[in-house]
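Structure first, commentary second.
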Amino acid sequence: MARIVIDDLHKVYAGGVKAVTGVSLDIADGEMIVLVGPSGCGKSTLLRMVAGLETISSGTLSIGDRVVNDLEPAQRDIAMVFQNYALYPHMTVFGNLAYGLKNRGVSKADIDRQVRQAAEMLEITAYLDRKPRALSGGQRQRVAMGRALVREPAAFLFDEPLSNLDAKLRVQMRVEIRQLQKRLRTTSLYVTHDQLEALTMADRLVVLNGGVIEQVGTPMEVYDKPATVFVAGFIGSPAMNMLEMPYLKALGRLPDALPSGADLIGVRPDDLVLDALDAPALSLTGTVALLEPAGAESHIYVSLPGRAQPVTVRVAGVPLHLAEGAEITLRAPVDALHPFDAASGRRVA
Amino acid sequence: MVENDRWGTLLAHVILILGVFVVVFPVYVAIIASTQESGTFLRGVMPLLPGSYGWENYRTVILEGRSNAGAPPIGLMLWNSFVMAMMIAVGKIAISLLSAFAIVYFRFPFRMFFFWIIFVTLMLPVEVRIVPTFQVVASLGMLNTYAGLSIPLIASATATFLFRQFFMTVPEEMLEAARVDGAGPMKFFKDILLPLSITNIAAMFVIMFIYGWNQYLWPLLITTDDGYYTIVMGIQRMVTGGDSEPLWHLIMATVVMAALPPILVILFMQRLFVKGLTETEK
């Protein structure tokens, strides 16, 4: 259990590539922080710096009131779950779990007790004598988790731990990891590129892009009030629609309540409705380009006159009354609009 | 098509059988010859069926030898060959594992330079560097010693290269996981890398053991004391040494005995291969 303070961390690789630029983050004890961003945004590098697998170019990193910049990974009291699990193939599950304890000089009896306790928690007791290759993907994932939590470290570091699992197992493990983390109350840093994983698991979300933090906040803060155009486009699926102010002005049906200085308006597919609204609303008329029924919900792609990019709308159920090519009017309440400054990419008000 | 296939299969089998015959026939002849009476070969006709002196011939080469014909009992020579082959195989593997480990996992100045130096030695087999090597070994007083027989042959670019290639296929995350688990470099080497390399080590052992066993020129040069003669040299001495006609039946019995240990090593190691292979298949 520990607080992790990341202060102005930089990573410059030999050759001058800047992977992480000036990241600062204060992670409270027991908090689950999810680092999310596209490939190459520096999220893994940041995590690996915290783990001690990557040197820190500048800045300070402390785990539990101790500056750990120059400590070996093993001395930082952290445990890491790797994307490909990195289980030791020649050791049994028991051996895999016990290895870290053995290296720390824990007595045989204690190792046995701790391994069994961790195995029970993860329901892998039945496989303790097996080698990793005799396990399924989900079981290996559990063993990797077990190897992390058996040591009762100050912090868990997860490097895209679910990306090698199939979709169904991923959802299941997501829930389990979150439950386990809540139960153990261990400070956790979790890296993913999957925005759904990020939204569902995080206490706080850190959106990274190009080595800098775009936004830090609870999942709902980030979802409801994306701080930048990048965050708006990255978090939420289907992605937020972006409409340029000049285009909307040309349509001439602009509500007055929009903040000044906004020249890019974002609107989530969920906030566009097909019915009339009482509140002041933005309204757009176009033709249905494509209907995508997905069971409980449907995505409607609507072409607006004079725009190549269709607008995405998400509605519950399947709108049977609509056909491709039909003309429809979409409305979005003004307070659901996200105004951005296109030049800086930042949110306006 | 069907008929074509049948002729094709037939042809393939004929070629394969011919190939097997070419390889196996000399071995067969050697075994047959080792069971004949001494006079058989003087007639100039090579019998193709086993004779009835097999037991006696093998007993002679193993227990008595024919000292006057340059053939002491072969036990000591077999032992010398075994010691030399073992020292070379084990030494080569130990040195190569460590140097490959250094080259793959450590960043030190001139790392690539040293790698290329090791690589270049591939171009210098024993025969090429034999004179200076002899000089060095002689100056160090290692003539007629096991150390002199084996140490100059221990450095191995082939094995270093093979282990390097293997280490590079071990995922980097394995090393990182070990670091997080508190394993230092040598611990990682001992606990993770060595067990993972076991099938490679077995393969190298077989190859290097046979390489060491078959050494001929080097032992011939540096041993003058017959307490250090190896079996391969021994065979040669039996052919050329002594005053009498070569005792082909005894020479052939020695040849068969000399071929036995490498075959045993292969048979024994084969098990390890198969074990390693089936376990990864799972």
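Residue numbers (the working numbering), protein chains in the order written: chain A, 62 to 410; chain B, 868 to 1149. Ideal Cβ placement from N, Cα and C applies to all residues, glycine included.
With residue i as the anchor, note down where its beta strand (DSSP E) starts and where it stops.
i, result
"A:R401", "First, the residue type needs correcting, since residue 401 of chain A is Phe and not Arg in the sequence shown. Unbroken beta strand (DSSP E) run through A:F401: 399-401."
"A:Q136", "Premise fails: A:Q136 is in no beta strand (DSSP E) and is neither H nor E."
"A:T248", "248-253"
"A:A393", "388-394"
"A:N270", "265-270"
"A:E258", "From DSSP, A:E258 is part of no beta strand (DSSP E) but of the alpha helix (DSSP H) over 256-262."
"A:E305", "302-305"
"A:Y411", "Given a span of 62 to 410 for chain A in the structure shown, any question on residue 411 of chain A remains unanswerable."
Quick one: Cα of residue i to Cα of residue j, how far?
i, j, result
"A:I296", "B:A1044", "31 Å"
"A:A393", "A:A293", "17 Å"
"B:A956", "B:A1069", "10 Å"
"A:D190", "A:M206", "17 Å"
"B:F1076", "B:P1062", "20 Å"
"B:N1067", "A:R127", "44 Å"
"A:P134", "A:T348", "57 Å"
"B:T907", "B:Y920", "11 Å"
"A:H382", "A:H360", "14 Å"
"A:K243", "A:D90", "12 Å"
"A:L70", "A:I124", "14 Å"
"B:R1104", "B:A897", "18 Å"
"A:A404", "A:V395", "22 Å"
"A:R64", "A:A288", "26 Å"
"A:D285", "A:D173", "48 Å"
"B:L1029", "B:L1134", "22 Å"
"B:T1000", "B:M1071", "24 Å"
"A:G386", "A:A112", "54 Å"
Name the chain A residues that come within less than 8 Å of residue i, Cβ to Cβ?
i, result
"B:M1041", "A147, Y149"
"B:P1086", "In chain order: nothing, as chain A lies at least about 38 Å away."
Which residue from the options puts its Cα closest to that of residue i?
i, options, result
"A:Q144", "A:L319, A:E221, A:S100, A:E237", "A:E221"
"B:S1017", "B:Y1078, B:L1117, B:M1053", "B:Y1078"
"B:L1020", "B:F1033, B:R1031, B:T988, B:V1037", "B:T988"
"B:N1081", "B:I1098, B:T1066, B:L1088", "B:I1098"
"A:M110", "A:V84, A:G322, A:E92, A:Y146", "A:V84"
"A:M182", "A:A170, A:R208, A:L352, A:V167", "A:R208"
"B:A969", "B:P1052, B:G1094, B:P1086", "B:P1052"
"B:R1046", "A:N164, A:Q200, A:S224", "A:N164"
"B:P914", "B:F892, B:F1030, B:W922", "B:F892"
"A:D331", "A:P366, A:A369, A:T373, A:A323", "A:T373"
"A:G406", "A:L319, A:A170, A:Q276, A:G367", "A:Q276"
"B:V971", "B:E923, B:N1011, B:F1033, B:N924", "B:F1033"
"A:Q256", "A:V211, A:V232, A:H151", "A:V232"
"A:V66", "A:L122, A:A410, A:S100, A:S344", "A:L122"
"B:I1102", "B:K1057, B:M1041, B:Y1083, B:I1089", "B:Y1083"
Go to residue i, then tell me how far its alpha helix (DSSP H) extends in each direction, as first and last residue.
i, result
"B:I985", "978-987"
"B:F949", "942-972"
"A:D173", "169-182"
"B:E1039", "1039-1047"
"A:A205", "198-210"
"B:I1074", "1065-1080"
"A:V283", "280-285"
"A:P371", "No alpha helix (DSSP H) contains A:P371, which DSSP labels as neither H nor E."
"B:P1052", "1052-1055"
"A:V105", "It should be pointed out that residue 105 of chain A corresponds to Ser in this sequence rather than to Val. Where A:S105 is concerned, the enclosing alpha helix (DSSP H) stretches over 104-112."
Let's test the definition: count the other Cβ atoms within 10 Å of the Cβ of residue i and tell me whether it reaches 16, buried, or not, exposed.
i, result
"B:F888", "exposed"
"B:W1115", "buried"
"A:M262", "buried"
"A:P193", "buried"
"A:G103", "buried"
"A:Q310", "In the sequence as presented, Gln is not what sits at residue 310 of chain A; that position holds Lys. Flag for A:K310 reads exposed."
"A:R235", "buried"
"B:S966", "buried"
"A:I139", "buried"
"A:D339", "exposed"
Mind pulling the chain A residues with CB within less than 9 Å of residue i?
i, result
"B:K1054", "N164"
"B:L1063", "Y149, P150, H151"
For a contact meaning CB atoms closer than 9 Å, what does residue i contact in chain B?
i, result
"A:F219", "Per Cβ cutoff of 9 Å: no residues; A:F219 is ~13 Å from chain B at best."
"A:F155", "Within 9 Å Cβ-Cβ: nothing; A:F155 doesn't reach chain B, min ~14 Å."
"A:A342", "Correct list: empty, because the minimum Cβ distance to chain B is about 52 Å."
For residue i, go through chain A and note every residue whose CB falls closer than 7 Å to its CB, in chain order.
i, result
"B:I1059", "Y149"
Check the Cβ of residue i against every Cβ in chain B and list those closer than 7 Å, keeping chain order.
i, result
"A:E213", "Residues of chain B passing the Cβ test: none, with the nearest at roughly 14 Å."
"A:A140", "V1047"
"A:A112", "V1047"
Interface residues of chain B around residue i at Cβ under 8 Å?
i, result
"A:G161", "V1047, D1048, G1049"
"A:A135", "R1046, V1047, D1048, G1049, A1050"
With hydrogens ignored, establish whether the beta-carbon of residue i is closer than 6 Å to any heavy atom of the ligand SAH.
i, result
"A:A311", "Inclusion of the ligand SAH in the displayed structure is not the case, the ligand content being empty and no account of it being possible."
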